[in-house]
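Data first, discussion second: the structure below is written as structure tokens.
In mature numbering (1 follows the signal peptide of the UniProt record, and there is no 0), the protein residues as written are -32 to -1, 1 to 73.
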């Protein structure tokens, strides 16, 4: 039967291991999936992973200078290739992408 001293001796090891696992699992970039252009949510707003591929006939107000990276809804770090978007929850969008919900950031 383990004694109290043994239990207290293992406690710091157990706590530090739990914190490390929680940090890895809780990291948003570790579990975030990229939004695909074929995703139903993406299709509703005309999302394209590359702003230069947007159809100008379908979206006449689009400008190639408009990207996810300079959109108000973009949640990625400056200079990153992808990041979160307020519209798409836990999915990431390409920084060079665009959608019809673009707002000046």
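Positions of the beta carbon are idealized from the N, C-alpha and C atoms, including for glycine.
Spatial neighbours of residue i within its chain, please: CB distance less than 6 Å, with the 5 preceding and 5 following residues excluded, ordered by chain position.
i          : result
residue 7  : none
residue 67 : 13, 14, 15
Output yes or no for whether 8 Å exceeds the beta carbon distance between residue i and residue j.
i          : j          : result
residue 16 : residue 65 : yes
residue 44 : residue 63 : yes
residue -1 : residue 58 : yes
Please determine, among the options, the residue with the shortest C-alpha to C-alpha distance to residue i.
i          : options    : result
residue 72 : 48, 41, 59 : 41
What does the alpha-carbon distance come out to for the pair residue i and residue j?
i          : j          : result
residue 29 : residue 23 : 10 Å
residue 3  : residue 25 : 24 Å
residue 54 : residue 39 : 10 Å
residue 5  : residue 61 : 10 Å
Using C-beta distances below 7 Å, list every residue in its chain close to residue i, excluding the 5 sequence neighbours before and after it, in chain order.
i          : result
residue 19 : 32, 34, 35, 64, 65, 66
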